[in-house]
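Protein chains: 2
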Amino acid sequence: MTSTGSSAGGPVIREVATYDIRFPTSRELDGSDAMNPDPDYSAAYLILRTDAEDAIEGHGFTFTIGRGNDVQVAAIEALKPHLIGRSVAELCADPGTLGRALTGDSQLRWLGPEKGVMHMAIGAAVNAAWDLASKRAGLPLWKFLAQAEPEWLVDQVDFRYIADVLTPADALSLLRAGRAGSAAREEQLRERGYPGYTTSPGWLGYSDEKLTRLAQQAVADGFGQIKLKVGAELADDVRRMKAARAAVGPDIRIAIDANQRWNVGEAVEWTRALAAYDPYWIEEPTSPDDILGHAAIREALAPERIKVATGEHVQNRIVFKQLLQAGAIDILQIDAARVGGVSENLAILLLAAKFGVPVCPHAGGVGLCELVQHLSMFDFVALSGTTEDRVIEYVDHLHDHFETPVVMRDGHYVAPTTPGFSATMHAGSIAEFTYPDGRFWAADLAQTSEVKSSKETSDEKSTSAASAAQIAEEAAV
Amino acid sequence: MTSTGSSAGGPVIREVATYDIRFPTSRELDGSDAMNPDPDYSAAYLILRTDAEDAIEGHGFTFTIGRGNDVQVAAIEALKPHLIGRSVAELCADPGTLGRALTGDSQLRWLGPEKGVMHMAIGAAVNAAWDLASKRAGLPLWKFLAQAEPEWLVDQVDFRYIADVLTPADALSLLRAGRAGSAAREEQLRERGYPGYTTSPGWLGYSDEKLTRLAQQAVADGFGQIKLKVGAELADDVRRMKAARAAVGPDIRIAIDANQRWNVGEAVEWTRALAAYDPYWIEEPTSPDDILGHAAIREALAPERIKVATGEHVQNRIVFKQLLQAGAIDILQIDAARVGGVSENLAILLLAAKFGVPVCPHAGGVGLCELVQHLSMFDFVALSGTTEDRVIEYVDHLHDHFETPVVMRDGHYVAPTTPGFSATMHAGSIAEFTYPDGRFWAADLAQTSEVKSSKETSDEKSTSAASAAQIAEEAAV
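Going down the list, the protein sequences come from chains E and L.
Residue numbering for the first sequence follows my numbering, starting at 1 and increasing by one per position.
Residue numbering for the second sequence follows my numbering, starting at 1001 and increasing by one per position.
Written out as structure tokens, the structure reads:
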């Protein structure tokens, strides 16, 4: 493996800066679900800096929920030799080549291949390259993709392991067909935006009163769909689902999300027990690896007219291919920061288009809404050509840390106009929430350490329950 | 998440030491295949140290091929809070609980779940716990497992996501049935050992002359099966396969291994082109994630009577479950250091037993032969009850770095008698090959740096091609 210098001369990537950024979200119970009771939303973040005169940077990240974000950063660091010295012009002319170079590193490949920590790191780097390319082109990423030639887009896709189902020729046909009427759809997108749905009412940690209030607020805000987390206690879920249906009435879709809580049989039984309240889809009913399990669940739930959705933890295009081949899902949920970046998501959008399966992206976390909106907007303008039965998840968390946060209007994502992938976090936010040395964490850990030492100097001296809990939490991190 | 202190008092895990150990195997072209041209066999290694008086340690590792081994070590480090302070007695009484605690960490889980870097790290830690438990019991791991009560073994298995196919009751029945005749099989094992096969002749980097010589040597050494790496150039593979068949005659099985090189269609065509030389199985014809792809390949190759094998890169029990459900494989290849350790391999052996599919473990690398022999020997004595069509891969590399290296006799693995999982590396080997500060690498990097600086001081001064290549290689690491 060697880093690729520019054969043509010209600017190169001169620095890859990485950051372990963590937000203390676990203290608010935002984001709690049946598998993730106490997430600290985090980003393993990188900045590509070049020696070009324009000083434009490429920003990218992968999302985690706290512990292990340092392992993600270590994985991004391991990619540096592939990035440093690479020609900016060549990288921006063909960002897809970076993904193939990174997934093809013969030694790093052993750590996946194309899954887990290493692949998420690759996704972060590839996304940074697409951010750089679209910024340098002066276009928001969705527009950068939508105006690209179909032949060029096909060249950005790695067809390895999916060519039995989707050939480059298939992809080219789909992209050419997607161009028909794209100007009108772009206009429509700029006027109305792209429909969203909100998960804000449905976290497991919320009271029924808060759930009802937030569900009603969601309808008032223009959302046509909300989502509830389920899977911890069946009796609670029945009660919460009933309250949610009562709050929003019969015409608003309510998705439910089990976050992989169940075995196949449990998934079917539990979901059936909620069928009276007309759930629209059951999301992540079981392991994201279980293609045949999802197919069995979908078959069992078809008489109830409940759709099956998954994807936020699906590791790569190869598993998505099989979910589609097996007829295992009604809704395909891409995630912008788990697979190998924009390039692999192009492959996944093409697979979904080939099978005619709607794509409803996973978002929330930190920055996921900012990223994934671009992929859906590209899909609408230049590939699937429709927003029917398609919605992007929306959660109103942590957007203010980004330079160009998502803008919602009447339940719709407003199309970004700023060049790039909307990935750029404020320098001040990075400085404050870098773990463990940023201002927030340094102060927080110092406080914990004070509490600890005061506890050590006198066992009699009382420490509050809150502080003790904090000690336990910090010790665990 | 909190570390588990001993409720009962008594010894606890007091230290988890980690090591980034790399062997410079790429310089010999040992281990080269179509996807891994230049592996540096490596171990992300840990030692569990307790405060018990016996000073017995638990050793475990995961195998990588060089770059990224530091990321693996970082992932093991992230597990420390789950390990430090844990009761030795409780851990050894139920090593399976550790696997569930580690895979269940709600924040770390996001980095998989149960796949890639984080899951391999969990496997290393779980294996160290089983090493500790069997050492403390004074038994080699295979015997520790084979003499255990079926009920206890079932308790060590995590049935999440596989219970639709294998219930605890199924597992108990299989283990109870496996006890019939186990004493006689144990005696047979101790006398004859467990059959192996060798990959030593078949690396892509070897000349035809070396291939022929090593293949003949393998037969002379008592092996009934050899394996050839394929997938780089078809004409070369036809020539090498012909030479290998000529060298060993018609009665020795020749497996071929493509290391994931192909798409589904290519896999079928390429393998058919070698059918005239009677390959016994085609291993890793395509992505390990492609369950349906393997099923299609197997169906297409059935008329040629060529078996399909995979598993060394299969991430967990959930994917193995589906490979069996889909009838995608004839041979299941467990790996001792990729999935979640002994506990998850118990689940996989049980799944294979339920479907009646032979298990032929992947080994080689560094230390993989040492580990996996125990799992096959347990399977023979107390589960499947047979060695028919079952062979453990054997490669004669790097065994001398282990305190109790595998012993081969007449093409068979001799049953270990030393307590533990045979995972313990010599302290001297660890010290010499720790990267980058061990004696070997420190000297190597110093030499590289000398070459570099002499190159820098005079561009005219000639540096040998070998040194220049070394610089490129080191820069890449």
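Glycine included, every Cβ here is placed at the ideal spot set by N, Cα and C.
- [ ] Would you tell me roughly how many angstroms separate the C-alpha atoms of L:Gly-1010 and L:His-1426, rounded to the nearest one?
- [x] Residue mapping note: residue 1010 of chain L aligns to position 10 of the second sequence, counting from 1. Residue mapping note: residue 1426 of chain L aligns to position 426 of the second sequence, counting from 1. It is roughly 29 angstroms from the alpha-carbon of L:Gly-1010 to the alpha-carbon of L:His-1426.
Task: As assigned by DSSP and simplified to three states, the class of L:Ile-1430 - done: Taking the second sequence and counting its residues from 1, one reaches residue 1430 of chain L at position 430. Here DSSP, grouped into helix, strand and coil, assigns L:Ile-1430 to helix.
Task: DSSP state of L:Val-1366 mapped onto helix, strand, coil - done: As a position in the second sequence, residue 1366 of chain L is number 366, starting the count at 1. In this structure, L:Val-1366 counts as coil in the three-state DSSP scheme.
Open item on the list: Beta-carbon within less than 6 angstroms of L:Ile-1348's beta-carbon, same chain only, minus the 5 sequence neighbours each way: which residues are those?
Closed with: As a working mapping, residue 1348 of chain L is identified with position 348 in the second sequence. Result list for L:Ile-1348: Arg-1317, Phe-1320 and Ile-1334, in chain order.
Task: is_contact[E:Pro-37, chain L] using C-beta, thresh 7 angstroms - done: If you number the first sequence from 1, residue 37 of chain E lands on position 37. For E:Pro-37, the nearest beta carbon of chain L is closer than 7 angstroms to its own beta carbon.
- [ ] Give a yes or no on whether the minimum CB-CB distance between E:Trp-110 and chain L is below 7 angstroms.
- [x] Locating residue 110 of chain E in the first sequence gives position 110, counting from the first residue. The beta carbon of E:Trp-110 falls within 7 angstroms of a beta carbon belonging to chain L, placing the residue at that interface.
- [ ] Write down the C-beta distance between E:Tyr-277 and E:Arg-245 rounded to the nearest angstrom, noting that I regard them as a contact closer than 8 angstroms.
- [x] Start at 1 with the first residue of the first sequence, and residue 277 of chain E comes out as number 277. Start at 1 with the first residue of the first sequence, and residue 245 of chain E comes out as number 245. At roughly 4 angstroms, the Cβ-Cβ gap stays under 8 angstroms, so E:Tyr-277 and E:Arg-245 are in contact.
Task: Reduced DSSP secondary structure (H/G/I, E/B, other) of L:Asp-1038 - done: Sequence index remark: in the second sequence, residue 1038 of chain L carries index 38 (1-based). DSSP places L:Asp-1038 in coil when its eight states are reduced to three.
- [ ] Indicate whether the contact test is met: 3 or more Cβ pairs, each with one atom in the region 337 to 354 of chain E and one in the region 119 to 132 of chain E, closer than 8 angstroms.
- [x] Taking 8 angstroms as the limit for Cβ pairs, the verdict is that the region 119 to 132 of chain E does touch the region 337 to 354 of chain E.
- [ ] Provide the residue span of the alpha helix (DSSP H) that contains L:Gln-1217, from first to last.
- [x] Counting from 1 along the second sequence, the entry for residue 1217 of chain L is found at position 217. Element bounds for L:Gln-1217: 1208 to 1220.
TODO: Tell me, to the nearest whole angstrom, how far the beta carbon of E:Ile-430 is from that of E:Ile-76; I am working on the premise that it is less than 8 angstroms.
DONE: Counting from one through the first sequence, the residue named residue 430 of chain E turns up at place 430. Counting from one through the first sequence, the residue named residue 76 of chain E turns up at place 76. Rounded, the Cβ-Cβ distance is 15 angstroms, inconsistent with contact.
Open item on the list: I need the DSSP call for E:Glu-456, collapsed to helix, strand or coil.
Closed with: Mapped onto the first sequence, residue 456 of chain E falls at position 456. Reliability fails at E:Glu-456, whose pLDDT of 48 lies under 50, so the model's placement of it is uncertain and the value that follows must be treated cautiously. Of the three classes helix, strand and coil, the one that applies to E:Glu-456 here is helix, per DSSP.
Open item on the list: Which residue marks the beginning of the alpha helix (DSSP H) containing E:Thr-64, and which one marks its end?
Closed with: Within the first sequence, the letter at position 64 stands for residue 64 of chain E. Per DSSP, E:Thr-64 belongs to no alpha helix (DSSP H); it is in the beta strand (DSSP E), 58 to 64.
TODO: Could you say if the region 1224 to 1235 of chain L and the region 1256 to 1269 of chain L meet the contact criterion of at least three C-beta pairs nearer than 8 angstroms?
DONE: Verdict: yes, contact present.
Open item on the list: Suppose you measure from the CA of L:Cys-1369 to the CA of E:Gly-327; what does that come to, to the nearest Å?
Closed with: Counting from one through the second sequence, the residue named residue 1369 of chain L turns up at place 369. Counting from one through the first sequence, the residue named residue 327 of chain E turns up at place 327. Approximately 40 angstroms, taken between the alpha carbons.
TODO: Pick out whichever of E:Gln-217, E:Gly-428, E:Glu-312 and E:Gly-196 has its Cα sitting closest to the Cα of E:Asp-289.
DONE: Taking the first sequence and counting its residues from 1, one reaches residue 289 of chain E at position 289. Answer by Cα proximity: E:Glu-312.
TODO: Measuring only between beta-carbons, confirm whether L:Ile-1065 sits less than 7 angstroms from chain C.
DONE: Although the question refers to chain C, the structure presented lacks it and instead comprises the protein chains E and L.
Task: Other residues of its chain near E:Glu-456: CB distance less than 8 angstroms, five sequence neighbours each side excluded - done: Start at 1 with the first residue of the first sequence, and residue 456 of chain E comes out as number 456. At E:Glu-456, the pLDDT of 48 sits below 50, so the modelled position is not reliable; the number obtained from the coordinates is stated separately. The beta carbon of E:Glu-456 sits closer than 8 angstroms to none of the beta carbons in its chain outside the five residues before and after it.
- [ ] Count the other C-beta atoms from every protein chain shown that fall within 10 angstroms of the C-beta of E:Asp-237, then say buried if there are 16 or more, exposed otherwise.
- [x] Along the first sequence, one-based indexing puts residue 237 of chain E at 237. Burial call: buried.
Task: Under 7 angstroms (Cβ pairs) to chain E, residues found in the region 1320 to 1344 of chain L - done: Of all residues in the region 1320 to 1344 of chain L, only Gln-1322, Gln-1325 and Ala-1326 place a beta-carbon less than 7 angstroms from a beta-carbon of chain E.
Open item on the list: Let's test the definition: count the other Cβ atoms within 10 Å of the Cβ of L:Arg-1439 and tell me whether it reaches 16, buried, or not, exposed.
Closed with: Taking the first residue of the second sequence as 1, we reach residue 1439 of chain L at position 439. Around the C-beta of L:Arg-1439, fewer than 16 other C-beta atoms lie within 10 Å, and the residue is accordingly described as exposed.
Task: Span of the beta strand (DSSP E) around L:Gly-1202 - done: Here residue 1202 of chain L refers to the residue found at position 202 when the second sequence is read from its first residue. Where L:Gly-1202 is concerned, the enclosing beta strand (DSSP E) stretches over 1194 to 1202.
Open item on the list: Does any residue of chain L have a CB that is nearer than 7 angstroms to the CB of E:Met-425?
Closed with: One-based indexing of the first sequence puts residue 425 of chain E at position 425. It does not; no Cβ of chain L falls within 7 angstroms.
TODO: Give the straight-line distance between the Cα atoms of E:Glu-15 and E:Ile-47, rounded to the nearest whole angstrom.
DONE: Here residue 15 of chain E is taken as the residue at index 15 of the first sequence, counted from 1. Here residue 47 of chain E is taken as the residue at index 47 of the first sequence, counted from 1. Straight-line Cα distance between these residues: approximately 8 angstroms.
TODO: Leaving aside the five residues before and after E:Gln-315 along the sequence, list all residues of the same chain whose C-beta is less than 6 angstroms from its C-beta, in chain order.
DONE: Within the first sequence, residue 315 of chain E is the residue found at index 315, counting from 1. Cβ-Cβ distances below 6 angstroms link E:Gln-315 to Lys-115 in the same chain, with the five nearest sequence neighbours on each side left out; the list follows chain order.
TODO: Evaluate contact between the region 375 to 388 of chain E and the region 161 to 179 of chain E, counting only Cβ atoms and requiring at least three cross-stretch pairs below 8 angstroms.
DONE: Touching, yes, given that three or more Cβ pairs across the two stretches are closer than 8 angstroms.
TODO: Just tell me which of L:Val-1359, L:Ala-1363, L:Phe-1402 and L:Thr-1404 has its CA closest to the CA of L:Glu-1388.
DONE: As a working mapping, residue 1388 of chain L is identified with position 388 in the second sequence. Cα-wise, what sits closest to L:Glu-1388 is L:Val-1359.
Task: Per-residue contacts from E:Ala-163 into chain L (C-beta, under 9 angstroms) - done: Taking the first sequence and counting its residues from 1, one reaches residue 163 of chain E at position 163. Correct list: Asn-1263, Val-1264, Gly-1265 and Glu-1266.
Open item on the list: Out of E:Ala-275, E:Arg-272, E:Leu-324 and E:Ile-297, which one is the CA nearest neighbour of E:Glu-284?
Closed with: For this step, residue 284 of chain E is matched to residue 284 along the first sequence. Considering only alpha carbons, the answer is E:Ile-297.
Task: L:Val-1366 and L:Leu-1398 closer than 7 angstroms at C-beta - done: Position 366 of the second sequence holds residue 1366 of chain L. Position 398 of the second sequence holds residue 1398 of chain L. Contact flag set, yes.
Open item on the list: For a cutoff of 7 angstroms on Cβ pairs, would you count E:Met-408 as touching chain L?
Closed with: As a working note, residue 408 of chain E is residue 408 in the first sequence. So, not an interface residue.
- [ ] Kindly indicate which three-state DSSP category E:His-294 falls into: helix, strand or coil?
- [x] Stepping through the first sequence from its first residue, residue 294 of chain E is reached at position 294. Here E:His-294 sits in helix by DSSP.
Open item on the list: Does the CB of E:Ile-471 have a neighbour CB from chain L at under 7 angstroms?
Closed with: Taking the first residue of the first sequence as position 1, residue 471 of chain E is located at position 471. Any reading at E:Ile-471 must be qualified, since the residue scores a pLDDT of 29, below 50, and its modelled position is unreliable; the value itself is stated next. With 7 angstroms as the cut-off, E:Ile-471 does not count as an interface residue toward chain L.
Open item on the list: So L:Thr-1018 contacts chain E; which residues on that side make the cut at Cβ distance below 8 angstroms?
Closed with: On the second sequence, residue 1018 of chain L is found 18 positions in, with the first residue counted as 1. Here the premise fails: no neighbours, minimum Cβ distance about 13 angstroms.
Task: Contacting positions in the region 1292 to 1310 of chain L - beta carbon closer than 9 angstroms to chain E - done: If the cut-off is 9 angstroms between Cβ atoms, the region 1292 to 1310 of chain L has Leu-1292, Gly-1293 and Ala-1296 near chain E.
Open item on the list: Is L:Glu-1015 close to chain E? Criterion is C-beta to C-beta, closer than 7 angstroms.
Closed with: Sequence index remark: in the second sequence, residue 1015 of chain L carries index 15 (1-based). No, because no Cβ of chain E sits closer than 7 angstroms to the Cβ of L:Glu-1015.
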